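Since the structure comes first, as structure tokens, the remarks are kept for the end.
Numbering (my numbering), first residue to last: 408 to 529.
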């Protein structure tokens, strides 16, 4: 196929955003076959409706015991802001930080169900 007859791909004007130290609920990760919505909050306590693609992200998120950094794109879907995740960086909890402060943005090693319920209500 010559260069002039090749189909032109539209260039997307995307603005990627990084959300650091995000805490998330693991409740909806079990049934994530294609895309799933996870309840999460950013470092400032703002609720984020994050959409992840399939089991690759979901499996890793189920096993992780800390906060994450998400890179993605914010879009309006039916008048609601959604965050479409393109990549995730996992933050490992620091043993000294987790013990020293309960106000830390780092999740405890084994969060209680009550803590995640409180988080999902935010």
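The C-beta atom is built at its ideal place from N, Cα and C for all residues, glycine as well.
Every value quoted in this text rests on a predicted model; they were computed, and no experiment measured them.
Checklist line | Proximity of residue 480 and residue 464 at Cβ, strictly below 8 Å | finding: no
Item checked: Beta-ladder partner(s) of residue 448, from DSSP -> 430, 454
Check: Whose C-beta lies closer than 8 Å to the C-beta of residue 468 among residues of the same chain, with five residues either side of it excluded?
Finding: 431, 433, 436, 445, 459, 475, 495
Notebook entry, point to check: Under three-state DSSP, which class holds residue 423?
Noted result: strand
Next item on the list: For the alpha helix (DSSP H) holding residue 468, just list the boundary residues, first then last.
Entry: 461 to 470
Next item on the list: Classify residue 403 as buried or exposed, calling it buried when 16 or more other Cβ atoms lie within 10 Å of its own Cβ.
Entry: Since the displayed the chain opens at 408 and closes at 529, residue 403 lies outside it and no answer follows.
Note to self: Considering Cα atoms alone, identify which of 423, 466, 483, 427 is closest to residue 439.
What the structure shows: 466
Note to self: Can you check which of these residues, 442, 428, 456, 500, is closest to residue 486 by C-alpha distance?
What the structure shows: 456
Notebook entry, point to check: Would you report the Cα separation of residue 520 and residue 443, rounded to the nearest angstrom?
Noted result: Annotation note: pLDDT 47 at residue 520 (below 50); position unreliable, coordinate value reported separately. Residue 520 and residue 443: Cα-Cα distance of roughly 20 Å.
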